[in-house]
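Participant:
Number of protein chains: 2
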Amino acid sequence: MGIDRTKIRWNGWGWAAHKDDLSDREDIWRWLASELSMPALLATPARGFEELSLPPCALSLEDRHSLNRIVGEEHVRGDVYERAFHTLGRSYYDLLRLRAGDLSLAPDVVVYPRGTEEVLAVLKFAAERDIAVIPFGGGTSVVGGVSGVRGAFKKAITVDLSAMDRLIDIDNVSGTATVEAGIAGPALEKALETKGVTLGHTPQSFEFSTLGGWIAHRGAGQGSNRYGRAEDWLIGVKLATPRGLLATGDAPASAVGPQLVDLIVGSEGVFGIVTEATVRVRPQPAVCDYRGYLFRDFESGMAAIRAAMREDIATTMLRLSDADETRFYRSYGNLGRPRTILRRLTDLYLEMRHFDEKACALIAGFEGSRSIAKAARKQFDAVARRHGALALGTRTGERWRQSRFQAPYLRDPMMDRGVGVDTLETAASWSKLGVLYAATRAALETAIQQAVPREDAKGIVMCHVSHSYTDGASLYFTYIFPRTLDGDVVQWKTIKKAATDAIVANGGTVSHHHGVGEDHLPWFAQEKGTLGIDVLRAVKAALDPKGILNPGKLLPD
Amino acid sequence: MGIDRTKIRWNGWGWAAHKDDLSDREDIWRWLASELSMPALLATPARGFEELSLPPCALSLEDRHSLNRIVGEEHVRGDVYERAFHTLGRSYYDLLRLRAGDLSLAPDVVVYPRGTEEVLAVLKFAAERDIAVIPFGGGTSVVGGVSGVRGAFKKAITVDLSAMDRLIDIDNVSGTATVEAGIAGPALEKALETKGVTLGHTPQSFEFSTLGGWIAHRGAGQGSNRYGRAEDWLIGVKLATPRGLLATGDAPASAVGPQLVDLIVGSEGVFGIVTEATVRVRPQPAVCDYRGYLFRDFESGMAAIRAAMREDIATTMLRLSDADETRFYRSYGNLGRPRTILRRLTDLYLEMRHFDEKACALIAGFEGSRSIAKAARKQFDAVARRHGALALGTRTGERWRQSRFQAPYLRDPMMDRGVGVDTLETAASWSKLGVLYAATRAALETAIQQAVPREDAKGIVMCHVSHSYTDGASLYFTYIFPRTLDGDVVQWKTIKKAATDAIVANGGTVSHHHGVGEDHLPWFAQEKGTLGIDVLRAVKAALDPKGILNPGKLLPD
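Residue numbers (the working numbering), protein chains in the order written: chain A, 1 to 557; chain B, 1001 to 1557.
Next comes the structure, spelled out in C-alpha cells:
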C-alpha cells in the first residue's frame, strides 16, 4: 500500500534513511567554495521537525466525519507529519519554505482513497462544502505542482493517491496494462516485470513519483527516445471530476474528434484526478547498453544528435553535457582520486586529439532486443565518428546509469552549506536551439551575478541536451549559486524570471517535462495566448464548476 | 491557385476528364451481377447538371457587398456550379442526394479567401450577421464533413481554402515546413520535393484533399506506419476563429499544460478554420519497396502484423486483405485475362502449399534510406515466413501502388448500374480485433440481406487491416450491394447503423481516420460520454460563441 510517508523526508529529497555521502567530504566543499569564488561555505541547516507549527485545521468536525465515512477514518490523516509532508512539493522555492519551517500552506487533512469511487465521492463532498482539493502523487513536483494553495477557499484537503497502486490488468495480446494511478515507479516496474514487460518511464524522480503524476504533468523519462513521453505511452484514463467520471476510449488511434485523453495529459489536477490509466508496455529489453562519447564541442555533439534522430536510429537516450557540465562532473568525479599514470596518459591522449576545455560528454543508451540495440549502437557509433567524437566505452555509461536517480540527493547537503541549486528546462526546434542555449545561459549567469551575496562571488551554470526529436530537442540547465541568506526567495525569483523570460523571448517552451505548477504560471498566458487560456478555462468550468481542484496551478485566475 | 473546381466532378469522384475504364467491360458487369445474385444490373444514371435547381441565395445584397470587400468580388462565387459543387461531400449518402439532383443544402455563396487575415475577417462578419460558415478543403469527406447544413441559421457560406496553397517556409535544420492549409496533396508534395523532403501523407483522397482537411478530420495516410497520422506530424497551427486567431506553439514537445494543437486535430471545423500548419517533414525516401505476401488465413496475417509492430520493424504500410477481399480482387483482376499456363501452374503450386479459399493477401511497403528499407524488408520477410506466408514479390506491390488512388473512381460507374458501394472503418486493440471483425462483418451481411431489393440477392462484404500499431490496428470494410432504388437512403442508413452499432458494442472506435461529420454523429456521445461532450461543447462556446461554424457536424446539438 504505497510508500509510507514517514520514510520519506518531509523537507528534502528522498528516503529519510539515505546516507549523505558528502557530509565528511571537506575536499568537495572546499572545491565548491572556490568554484563559487566564496572564501568559505556557511552552515545553513534547516529547521527541525520539532520546531514546526501548523495552522489550525479549518475543517469542521462534521467535515471530518463525512470524510471518515467516505474513505474510512484510518485514511484521513491530520497529524503534523502528514500535513507537513503534503504542504509543498520539491521545487527549490518549496525547499526554501520548508527548510524555514513555513507550513502556512499545509492542507487541513490528507485523505488516502482506495479507488475511483472513493475519489469521486471525495470530490463530490468537497464541491458541496467548498473545500479546495489538491491531488498528490509522489509529491516530487519541482515547479510547485502540489502546493497546498487554497485560492478563494477557506478549507483544503490533499488527496494522496499512493494507496491506489494496483496493477488492474495486463493485456499481453495488445501489449497494454491498466494500472491505478497512485503507483510509484519501482512498484509499477516490478509488477510489470513479473509479466515480462516494461513501461520504461524513468524520470529522475522515478523512485517516488507516480503514474498519475507523470500523466498530470506531461512528463518524459530519461529513456523517452525509446519509450516515449506520457502522451505517447498513454492510451486511456479514468478521470474523477467534481461532475463525475470521465473515461476516455482505448483505441490505438481514432478520428472521432479531438481525443479527450490529450486534454488530460498535462492538466495538472485542475480538471480532475487521474485514478486509472491504460498504457502501452513493451517487452523487457534484452539489452541495456549505455556508453559514453566525447565530442570536441557542444555544436558537434548537437549536430550528431540531430543526425541520429533524422536517420531514425533507435536510441533510448542521448544526453549531451555542455563543456561546463562536462568539466564540472569531471572535476567533481576526480576529487580525492589520485592522479594515476593512466589518467595522465588519458589527458595527454585527449590533448593530442585536440579535445580541450570545450569538450562535451554524451551518454547514449540503447535498449531493446539484442539485434535492435546492437544495430542502433553501430549506427550511432558511425554518426558520432562522423562528427569527430571519441567513443569512451560502457564504463562511463554504466556509471551514469547506476547514479541516474541520485542527483536530487545532492541539493539538501548543498542547501545546508549556503549553496543553492536549481534546474530548469525547455525545448525548441533545432534551428532555434543554439540561440536559445546561449541566451538562457547568459540570462542565468547575469542574474546570478546580480543576486550573489558577495560582489566577487559567482555561480556555476551548466546544461545538457536531455531529450531529442527529429525536429528539436530539450535543454536542461543546472545552476549553482551562493545563497543570499537574507533574501533567498527574491534571489531565486530573480534568477528564475531572468532565465524564463529569455526562454520565452527565444522561442523555447517554458517547460519540456517539469510542468507548469505555480512556478511557471506567470508565463503560461504568453505561451498559450489569451484565446488558449479561455479554452482551457472553459474546459475547467465544464468539469470543475466551482474551481475546487488544485487552485493556483497551471491556469491563471 | 488551387484546383479549378470545374475540373472536378460535382456529383461524383475526381477529375471530370477521368476515363471510365469499366464502361465497355460487360464481362465485369455480368460477373458483378452474378456475385450479387442479381439477374442483371440496372441502368441508374445520375441526373444531369442542366436539370438542377438551387434554392435562392439567402444573402442580402449588403452581405454580398461586405464579402466582396473582404475577399474581393472575384473570390465570392454564387454560380450554380460552385454552389452545387460545395453542397455536399463525397459520402455514399452525399452521392445519393447529389445524383438525385437534391441541392437543398447548397451554401448561399462560396468564398475563396487568400490568407489568414481574410478568413478571420470572414468569420467576424459571419458571426455579426448570423451566417453559418462551412469550412471546405478538398470536399472529399466520406462522412458528411462539409455538407451545407446551416443549423439554426438562415444563411450559409462555404469557405473554400483552396486558394491558400502556398508553402510559407521550409526549415531544413529542424526538418519542418510551414504551409497554408488549403494546399492539396500533389501540390504540397511537389513543393516539398523541390526541397528534398516529403510529408508522406497519402490518404486515398490524396489528389484532392488538403492539408487542412487532413488535420481537421484527424486523418491517416496509407503510409502512416512510417509517416504518422495527422496528430503525429502536426507541430503547430494557426486557427482562425470567430473570436480571433489561436496560434499554437511549435516546440518539439512541451509540458506546458494540455497542448492546444491536440484539441484542433480532429475538430472538423467546429472550433475554427485551420489556415496554416507547421509539420514535420522527412527526407525523400531513397527506396519505396512495395511487395506482396500470401497468408494462409486472416488470423495468421494479423498475427504477423502484430509481431512486426511489436518488434519495431520499420514498415511504411502493412495492408492485409481478408479472404473475401483477396478473392474478390483476384477474380476481378483475372476477368478477361486468358488462363495461361503460368497462372495454372501458380494455382497448382498454391494448392500444393495448402493455400485455399481462406488465403489472404498482404501488401507491405518499406520506405526510407536504402539500409533502413532493406533491413525492414528482411525483418518482415522473416516474420511473414514464421507465420507461414508466401512472398509474392514486388509486382503485386507495385500494382497496388500504381492504383492506390484509383479505387474511389469505381463507385460512380457502379452507382450508374444499380450497385451501391460504401466503406467504413474502425480500430481497436489487438485483443478485441478478432471479435470486432467477426461482429462487424456479420452485422453488415445481415443488414444488407435485409435491405436488398430481391429476396435472393446478396451483398459482398470485404475487409482489410489498413493501419497498425503496437497495441492494435484498424479494420477497413468495403461493402457492395444491389441498390433498393425506391429506398436508397433508408437502405444505406440501415446498413450503416447495423455496422456502427456492432462496432461500438465490440469496443471499436467509430472511425479510425474518416472522422465524424454528420454520418457518425449519432454515435459520438456513446464514444465520448456526456461529460466528454460537455467539455467539447465548452471549447466550442469559448471559440465560436454563436455556433456559426460547421453546424450539424461532430458535436450533437
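All C-beta atoms, glycine included, are put in the ideal place defined by N, C-alpha and C. Predicted, not measured: the structure shown is a model, and the values here were computed from it.
1. Comparing alpha-carbon positions, which option in S1066/B, T1346/B, T1116/B lies nearest L1392/B?
2. Nearest-angstrom Cα distance between K553/A and S104/A?
3. Going along the chain, which unbroken runs of the beta strand (DSSP E) with 3 or more residues stay wholly within the segment 1223-1270 of chain B?
4. Under a three-way DSSP split, which group does P135/A fall into?
5. Specify the secondary structure class of T470/A as computed by DSSP and reduced to three states.
6. Would a C-beta distance cut-off of 8 angstroms place A304/A and A384/A closer than the cut-off?
7. Examine chain A for any beta-carbon lying closer than 8 angstroms to the beta-carbon of L1513/B, and answer yes or no.
8. Using three-state DSSP, classify G71/A as helix, strand or coil.
9. By alpha-carbon positions, which one of Q1491/B, W1010/B, A1308/B ends up nearest to A1364/B?
10. My assumption, with CB atoms under 8 angstroms, is that N68/A sits in contact with V80/A. Please give the rounded CB distance.
11. Provide the residue(s) that pair with D79/A in DSSP beta bridges, ordered along the chain.
12. List, in order along the chain, the chain A residues whose C-beta lies closer than 8 angstroms to that of H1217/B?
13. Among all the DSSP beta bridges, which residues are the ones paired with P482/A?
14. Which class does D1108/B belong to by DSSP, given the choice of helix, strand or coil?
15. Bridge partners for V959/B per DSSP, in chain order?
16. Check for me: the beta strand (DSSP E) holding E1367/B runs from which residue to which?
17. Tell me the DSSP bridge mates of H1464/B?
18. Can you tell me whether DSSP reads T1044/B as helix, strand or coil?
19. I want to verify the contact list: residues of chain B whose CB lies under 8 angstroms from the CB of S466/A, in sequence order.
20. With a threshold of 8 angstroms between beta carbons, is P1242/B in contact with chain A?
21. Between the Cα of W13/A and the Cα atoms of D412/A, K528/A, A542/A, which residue gives the shortest distance?
22. I'd like to check one pair, R1395/B with V1558/B: are the Cβ atoms closer than 8 angstroms?
23. Once you ignore the five residues that flank F1153/B on each side, which residues in its own chain have a CB closer than 8 angstroms to its CB?
24. Name the residue from Q1379/B, G1182/B, D1519/B whose alpha carbon lies nearest to the alpha carbon of Y1112/B.
25. Would you identify the three-state DSSP class for I1003/B, choosing helix, strand or coil?
26. List the residues of chain B that R229/A touches, going by C-beta distances under 8 angstroms, in chain order.
27. Would you say K378/A faces chain B, with C-beta separation under 8 angstroms as the test?
28. From the DSSP output, in three-state form, read off L424/A for me.
29. Within its chain, find whatever has a CB closer than 7 angstroms to the CB of T1470/B; leave out the 5 residues flanking it on each side and keep chain order.
30. In the DSSP assignment, what residue or residues form a beta bridge with I170/A?
31. Which residues, taken in chain order from the segment 1468-1490 of chain B, show a beta carbon closer than 9 angstroms to some beta carbon of chain A?
32. Quick one: what's got a C-beta closer than 6 angstroms to E231/A's C-beta in the same chain, skipping five residues either side?
33. Are the C-beta atoms of K1528/B and some chain A residue less than 8 angstroms apart?
34. Note down, in chain order, each residue of its chain lying with its Cβ closer than 6 angstroms to the Cβ of D160/A, except the 5 sequence neighbours on either side.
35. Using the beta-carbon of each residue, which ones in chain B are nearer than 7 angstroms to H65/A?
36. Report the partner residues of S1429/B according to the DSSP bridge assignment.
Facilitator: Taking the structure as given:
1. Numbered from its first residue, the second sequence carries residue 1392/B at position 392. Comparing Cα positions, the closest option is T1346/B.
2. Mapped onto the first sequence, residue 553/A falls at position 553. Mapped onto the first sequence, residue 104/A falls at position 104. Going from the Cα of K553/A to the Cα of S104/A covers about 17 angstroms.
3. 1234-1241, 1244-1247, all fully within the segment 1223-1270 of chain B.
4. Counting from 1 along the first sequence, the entry for residue 135/A is found at position 135. Three-state DSSP puts P135/A in a strand.
5. Numbered from 1 along the first sequence, position 470 holds the residue referred to as residue 470/A. The three-state reading of DSSP puts T470/A in coil, since its state is none of H, G, I, E or B.
6. On the first sequence, residue 304/A is found 304 positions in, with the first residue counted as 1. On the first sequence, residue 384/A is found 384 positions in, with the first residue counted as 1. In this structure, A304/A places its C-beta atom within 8 angstroms of the C-beta atom of A384/A.
7. As a working note, residue 1513/B is residue 513 in the second sequence. Reading off the sequence shown, one finds His at residue 1513/B, where the question assumed Leu. So yes, H1513/B belongs to the interface.
8. For the purposes of this step, residue 71/A is taken as residue 71 along the first sequence, with counting starting at 1. Rather than Gly, the amino acid found at residue 71/A in this sequence is Val. It is helical.
9. In the second sequence, counting from the first residue as 1, residue 1364/B sits at position 364. A check of alpha carbon separations from A1364/B across Q1491/B, W1010/B, A1308/B identifies A1308/B as the nearest.
10. Against the first sequence, residue 68/A aligns to sequence position 68. Against the first sequence, residue 80/A aligns to sequence position 80. In this structure N68/A does not touch V80/A by the C-beta definition: roughly 19 angstroms separates them, more than the 8 angstroms allowed.
11. Taking the first sequence and counting its residues from 1, one reaches residue 79/A at position 79. According to DSSP, D79/A bridges with nothing at all.
12. The residue labelled residue 1217/B in the question sits at position 217 within the second sequence. A255, listed in chain order.
13. What you label residue 482/A is simply residue 482 of the first sequence in a count that begins at 1. Among the bridge pairs identified by DSSP, P482/A is matched with V419/A.
14. One-based indexing of the second sequence puts residue 1108/B at position 108. DSSP, read as helix, strand or coil, puts D1108/B in coil.
15. The question about residue 959/B has no answer, for chain B in this structure spans 1001 to 1557.
16. Within the second sequence, the letter at position 367 stands for residue 1367/B. Segment 1360-1368, the beta strand (DSSP E) holding E1367/B.
17. Position 464 of the second sequence, counting from 1, holds the residue named residue 1464/B. S1321/B, Y1476/B.
18. As a working note, residue 1044/B is residue 44 in the second sequence. Shown here, T1044/B sits in coil according to DSSP, grouped into three states, outside any helix or strand.
19. Here residue 466/A refers to the residue found at position 466 of the first sequence. One finds nothing in chain B with a Cβ atom closer than 8 angstroms to the Cβ of S466/A; even the nearest lies about 11 angstroms away.
20. Residue numbering aside, residue 1242/B sits at position 242 when the second sequence is read from its first letter. At least 8 angstroms separates the CB of P1242/B from every CB of chain A.
21. Reading the first sequence from its first residue, position 13 is the one you call residue 13/A. Checking every option, the nearest Cα to that of W13/A belongs to D412/A.
22. This structure cannot speak to residue 1558/B, because chain B is shown only from 1001 to 1557.
23. As a working note, residue 1153/B is residue 153 in the second sequence. So the qualifying residues of the chain are D1130, I1131, A1132, I1548, P1551.
24. Translated into positions along the second sequence, residue 1112/B becomes position 112. Closest by alpha carbon: G1182/B.
25. In the second sequence, counting from the first residue as 1, residue 1003/B sits at position 3. Here I1003/B sits in coil by DSSP.
26. Locating residue 229/A in the first sequence gives position 229, where the first residue counts as 1. Result: A1253.
27. Translated into positions along the first sequence, residue 378/A becomes position 378. Chain B places no beta carbon closer than 8 angstroms to that of K378/A, leaving this residue out of the contacts.
28. Stepping through the first sequence from its first residue, residue 424/A is reached at position 424. Strand, per DSSP.
29. Counting from one through the second sequence, the residue named residue 1470/B turns up at place 470. For T1470/B, where only same-chain residues beyond five positions count, the Cβ hits under 7 angstroms are M1309, R1310.
30. Taking the first sequence and counting its residues from 1, the one referred to as residue 170/A is at position 170. Bridge partners of I170/A: A177/A.
31. Per Cβ criterion, the list reads S1468, Y1469, T1470, D1471, G1472, A1473, S1474.
32. Position 231 of the first sequence, counted from the start, is the residue given in the question as residue 231/A. Excluding sequence neighbours, E231/A sits near V265.
33. Within the second sequence, residue 1528/B is the residue found at index 528, counting from 1. True, the Cβ-Cβ gap to chain A drops below 8 angstroms.
34. For the purposes of this step, residue 160/A is taken as residue 160 along the first sequence, with counting starting at 1. Excluding sequence neighbours, D160/A sits near V110, Y112, F136.
35. On the first sequence, position 65 is the one that residue 65/A refers to. Simply none; closest approach about 29 angstroms.
36. If you number the second sequence from 1, residue 1429/B lands on position 429. Note: S1429/B sits in a beta bridge opposite G1472/B.
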